[in-house]
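One structure is given below, encoded as structure tokens.
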Amino acid sequence: MGVTLRLNLRKLRIFRQKRQKLMSSGKKNSGAARYKSKFNLEWKNKYPLISEVDNDKHSFHCIVCKRNISCSHMGLSDVERHLCTMRHSKNVQIQSTFSLPTLSNPLTEKVKRAEMKIATILVQHDIPLAFADEITPIFQDIFPDSQIAKSLSSRRTNPTQTITEYIVPSLLHNLLQRLRSSPFSLAIDGSSNVDKMSHFTFRLFDVNRGSVCTQFVDMSSGLDDKGIFAKMDEAMTDNNIPWTNCVGLGMDNHSINRGCRDATMSHVHSKNPATYVIRCSSHLVHNIAEKAADAFEEISKFSVDDLVIDLFYWFDKIRIKNLIPLEYAVGRVLAQFSALKSYFLANDEKSIRFRRLYSRFQDPMTEVYLLFYQTSLRTFVNFNMFFQRRDPVLPIINEEINSFLQKLASKFLKVQTIKAANGDYTTLHFKELDLQHTDIDLFVGMTTKTHMCLLFDEGDIGEHHRNIFFKSVRAFYVQAMEYAISNLALNDELLQNARFLDFHSRESATTSQVEYFAKRFINFLGWNSPEEIDSLSEEFVDFQLLNDHDIPKETWAKATILMDGNDKSYHRMDFLWQYISTMKKPDRTQRFSLLPKVAMLALVIPFSNIEEERIFSMVRKNKTTTLEPNQTTKGSFSTGYIHYALNFSLYF
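Using UniProt numbering, the first residue of the sequence shown is number 1, and each one after it goes up by one.
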């Protein structure tokens, strides 16, 4: 018995030593036999969304989730457990939305990948899809040993299907997800012409790019104001996009959009009264110059538009193009004025257009008028160029409008008159002659003055011509000032409060400016408690105390935009606010959690329709005899192709 006890104690000691050794090595249950389940190819027949994994017989590949998952523990039960997970169910739902193909064959997947790349490169470089008919035989000839090239089917119908059924739905899904949770502005291209295509775009803050971007969504035709709004409302409702997210509306100045009754603007305000609507500032600048030119023509009987248009059509056959826009056209005419004058005075044609041109070049005042337009239009062009910037300029619009009015007033009003207004140009009595410059002091440009004096000294013109000219100039400036004051967004409350968005002017901004946006868009922001407004005010003061060096050099460089041959520069505020939203406190918590939300909301509010007009222009260029307005319905290839072409750079 003692021998047996000693043997048992020895075995127990050896067992403990082995167990301690195993525990120190980190292994568990090594004393028991361990078995791993292997992937069974028959499982694919029951569940087509899975496949085997190369070099790993204990795992399976989920085609939908695009990941390898172990099945070594419970085999088929591991597969079924994964198929019931929320992640897999969500991916299946997304796949059904996009109509993505189920690819289990590696070669098929590689072929589809190549076809998608071909479709992408065609759209990216605006190459006709008909070119796809030539790609497949070329690739098969160049790469005869490639199984991928042999399996390609990239003729025009295949890229069409790839774009409309696979790529565009994916892009639209990402866009709609952001629109459901982010503030945005909606822009439309409406018109009283019901045969015209109406296009819908969204302007939103893309946190991935760190900037405000505009994206094309859809287009339709044959719609009046009610039809346009119904189309917008249908798109918002069908995609579960709340109207409270729509903080701005951009549109042309047609009565169909802005009339008091049954206008698109009225319908939108019935859904969200807080939506801000601004008249397209760039179009207003054109209208100001046009009204001024009409007043000039009424007295002088000289129409600069008629002159350059007549020249354009007269020389159309010999391809003298690019005479419009007006400022460039006037410059071209003046550069060739002597040659044009010699041409028309040396020939004798009986057409009405030629006789008009002959009469104009025979008049010595024509060159004087053109010189005046060349000088005076520069003020309008510079103002218009400001509204054609791609970055959000909402913070400085109010300041820029005042600067334009001051420049315009200085052309014909005395300095004392301008100072007396103290920045409130609505109080200017600009029509009173006593407050205006004398004829000799009216701004017409040094070149204009010099040339007119030369003609007067040589006897080509008389005092009567000079009087008519100065009277026309005075009417030009008065009409421009009157229309500008009546139609520009002077004393606009939102524009005045948007000043806080300018990082360079943060110290002069006020808390009330931020609170204005928080109160106006309270339905979107959802800040109802005084504590949240107090926190917002505290963050704003913290923002005001920031120094320029708190923003990294890389962010400043990214936000810098060079202009005028790199002699001048400005900074994009959206890039700066994107960085501010990521700043941290010493404890690594978010430094600004409320203020950037207000800023990003305000930055997407439209200031003009120029960016949208660029998109609308591309849509119109893609209209052909086979792309009639009634064919541009939702889900059509035309809409999908244009959406992909316009939004490509935003995703890739």
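No residue lacks a Cβ here, since even glycine has one placed at the ideal position from N, Cα and C. All values reported here derive from a predicted model rather than from experimental measurement.
Check whether residue i and residue j have beta carbons under 9 Å apart
| i | j | result |
| --- | --- | --- |
| Arg279 | Glu611 | no |
| Leu152 | Phe139 | yes |
| Pro592 | Ile580 | Note that residue 592 is Phe in the sequence shown here, rather than Pro. Cβ atoms of Phe592 and Ile580: closer than 9 Å. |
| Phe302 | Ala475 | no |
| Ser211 | Arg614 | no |
| Ile188 | Met232 | yes |
| Ala119 | Asn158 | yes |
| Gln436 | Ile418 | no |
| Gly250 | Val277 | yes |
| Phe404 | Thr438 | no |
| Lys90 | Ile148 | no |
| Tyr47 | Val92 | no |
| Phe500 | Ala509 | yes |
| Leu428 | Leu413 | yes |
| Leu576 | Ala557 | no |
| Leu394 | Ala235 | no |
| Asp550 | Met583 | yes |
| Ser338 | Gly445 | no |
| Thr244 | Phe524 | yes |
| Leu408 | Ala480 | yes |
Cα-Cα separation between residue i and residue j, rounded to whole angstroms
| i | j | result |
| --- | --- | --- |
| Ser505 | Pro596 | 16 Å |
| Leu129 | Phe503 | 46 Å |
| Asp587 | Leu546 | 18 Å |
| Asp460 | Cys453 | 10 Å |
| Leu601 | Phe184 | 7 Å |
| Ser486 | Ile288 | 10 Å |
| Leu334 | Glu367 | 7 Å |
| Asn528 | Ser170 | 36 Å |
| Thr237 | Phe521 | 20 Å |
| His73 | Gln177 | 37 Å |
| His451 | Phe469 | 13 Å |
| Glu42 | Lys271 | 56 Å |
| Thr162 | Gly526 | 41 Å |
| Val330 | Phe540 | 49 Å |
| Val473 | Arg389 | 30 Å |
| Pro552 | Tyr516 | 30 Å |
| Asp534 | Phe205 | 25 Å |
| Tyr343 | Arg332 | 16 Å |
| Thr624 | Ser281 | With a pLDDT of 48 at Thr624, under the threshold of 50, the modelled position of that residue is not reliable, and the figure given next carries that caveat. If you take the alpha carbons of Thr624 and Ser281, they lie about 31 Å apart. |
| Lys341 | Arg353 | 15 Å |
| His58 | Lys44 | 15 Å |
| Leu357 | Asp305 | 12 Å |
| His61 | Glu538 | 51 Å |
| Tyr369 | Arg360 | 11 Å |
| Leu371 | Thr447 | 7 Å |
| Asn133 | Lys585 | Looking at the sequence shown, residue 133 is not Asn but Asp. One C-alpha to the other measures close to 58 Å. |
Inter-residue CB distance, residue i and residue j (contact presumed, cutoff 8 Å)
| i | j | result |
| --- | --- | --- |
| Leu594 | Glu532 | 7 Å |
| Leu536 | Val514 | 6 Å |
| Pro392 | Leu603 | 4 Å |
| Leu179 | Ile241 | 5 Å |
| Val64 | His82 | Actually they do not touch by this definition, with Cβ atoms about 10 Å apart. |
| Asn398 | Gln496 | 6 Å |
| Gly248 | Thr214 | Incorrect: roughly 12 Å between the Cβ atoms, too far for contact. |
DSSP state of residue i mapped onto helix, strand, coil
| i | result |
| --- | --- |
| Tyr166 | helix |
| Lys584 | strand |
| Val217 | strand |
| Thr448 | helix |
| Gln388 | coil |
| Glu432 | coil |
| Phe184 | strand |
| Arg209 | coil |
| Val92 | helix |
| Cys453 | helix |
| Thr201 | strand |
| Ser51 | strand |
| Lys110 | helix |
| Leu122 | helix |
| Asp424 | coil |
| Asp56 | strand |
| residue 653 | As shown, the chain starts at 1 and ends at 652. That puts residue 653 outside it, with no answer to give. |
Near the ligand NAD: residue i beta-carbon under 8 Å from a heavy atom
| i | result |
| --- | --- |
| Trp556 | The model on display carries no ligand, and the ligand NAD is accordingly not part of it. |
Minimum Cβ-Cβ distance from residue i to chain B less than 9 Å
| i | result |
| --- | --- |
| Lys350 | As a matter of chain content, chain B is missing from the structure shown, which is built from one protein chain. |
Next on the checklist: Quick check on the DSSP output: what are the complete beta strand (DSSP E) runs of length 3 or more inside the segment 240 to 299, in order along the chain?
Outcome noted: 246 to 251 and 276 to 279
Checklist entry - Which runs of the alpha helix (DSSP H) fall wholly inside the segment 321 to 372 and span at least 4 residues, in chain order? => result 326 to 335, 337 to 346 and 352 to 362
Next on the checklist: So within the segment 532 to 602, which uninterrupted alpha helix (DSSP H) runs reach at least 4 residues, ignoring any that extend past its ends?
Outcome noted: 553 to 559 and 573 to 580
Checklist entry - Enumerated in chain order, which unbroken segments of the alpha helix (DSSP H) with a length of 4 residues or greater are wholly contained in the segment 487 to 513? => result 493 to 497
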